[in-house]
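Each residue of the sequence shown is one higher than the last, beginning at 2 in our numbering.
Heads up, the beta-carbon is just placed ideally off N, CA and C, and yes, glycines get one too.
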Amino acid sequence: MISEDEVIWAIRTFTSLRIGGRWHVNGVGVYERTGVDELTLVEIHQGKPKILDYNEMSLFESHDHLQLLAEELGWKMIQSVEKAWDYDGKLMNIPDELIGRAAVCDADCGVIVRVEPAESGTVHALIENGICPYCNEKGFTKKWNDVWVVVDDTGARLKMAKKEEEE
Ligand SMILES: [Zn+2]
2 MISEDEVIWA IRTFTSLRIG GRWHVNGVGV YERTGVDELT LVEIHQGKPK
52 ILDYNEMSLF ESHDHLQLLA EELGWKMIQS VEKAWDYDGK LMNIPDELIG
102 RAAVCDADCG VIVRVEPAES GTVHALIENG ICPYCNEKGF TKKWNDVWVV
152 VDDTGARLKM AKKEEEE
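1. With distances taken from CA atoms, which of Arg34, Ile3, Ser63, Ser17 is nearest Val26?
2. Please find out if some non-hydrogen atom of ligand 1 comes closer than 7 Å to the beta-carbon of Glu129.
3. When we look at the beta-carbon of Leu53 and count the other beta-carbons within 10 Å, is it buried (16 or more) or exposed?
4. Here's a check: name, in chain order, each residue in its chain whose Cβ is nearer than 8 Å to the Cβ of Val8, leaving out the five neighbours to either side.
5. State the DSSP-derived secondary structure class of Val8, mapped to helix, strand or coil.
6. Which residues bound the alpha helix (DSSP H) around Asp65?
7. Around the Cβ of Glu5, are there at least 16 other Cβ atoms within 10 angstroms (buried) or fewer (exposed)?
8. Grouping DSSP H, G and I as helix and E and B as strand, with all else coil, what is Asp107?
9. When you measure from the CB of Tyr88 to every non-hydrogen atom of ligand 1, does any distance come out below 7 Å?
10. Measuring CA to CA, which of Leu67, Leu42, Ala85, Asp97 is closest to Ile12?
11. For my contact list, Arg23 and Glu33 are in at a C-beta cut-off of 8 Å; report their separation, rounded to the angstrom.
12. Excluding the 5 residues flanking Glu129 on each side, which residues of the same chain have their C-beta closer than 8 Å to its C-beta?
13. Could you check which residue in Leu159, Asp65, Thr41 has the C-alpha nearest to that of Ile3?
14. What residue does the beta strand (DSSP E) around Arg158 start on, and which one ends it?
15. Between Thr123 and the rest of its own chain, which residues show a CB-CB distance below 8 Å, the 5 nearest in sequence each way excluded?
16. On the three-state DSSP scale, how would you describe Leu53?
17. Give every residue of the same chain whose Cβ lies closer than 6 Å to the Cβ of Gly30, excluding the five residues on either side of it in the sequence, and list them in chain order.
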């Protein structure tokens, strides 16, 4: 999957940064060279969703690909995300003091939301006006307004399966 050209490109690009230097990758995020052979993802920029044509995909389009390249070169890739930006270029609101807090949807759909740090690979949803991102009913108190959360729908799926069983 990784070509020799890509490896050469990666060596050039990664080593062109001084330690402490930062590198912006459009639609992916910002990386900092945090060691001789270490890169850290420090910002996430959600790219606009689009139809991907693998042939036209540039190297720059995903964190996973960059991570593979780094591994290929024996570099460490770590994540310590300070800021995450949503699809519209707005800063995602993930308050530090709420990290680890969870709440159950008051509309009883079975969903639990949890505040987790932004990381590549985790999917966050926005709570607006207390509306549950799963059932679309009023499910959360004011404290949760405009907070980006991870949605755990395990309970909701179990409820649905149980209902189908009974019908
Ligand atoms: Zn709900």
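With the given structure in hand:
1. Ser63
2. no
3. Residue placement at Leu53 cannot be trusted, given a pLDDT of 49 that sits under 50; what the coordinates show is reported in the next sentence. It counts as exposed.
4. Leu70, Glu73, Leu74
5. helix
6. 64-73
7. exposed
8. coil
9. no
10. Leu67
11. 5 Å
12. Asn146, Asp147
13. Asp65
14. Note, Arg158: premise wrong, no beta strand (DSSP E); alpha helix (DSSP H) at 155-167.
15. Glu117, Val151
16. At Leu53, the pLDDT of 49 sits below 50, so the modelled position is not reliable; the number obtained from the coordinates is stated separately. Note: Leu53 maps to coil in three-state DSSP.
17. Leu42, Glu44, Ile45, His46
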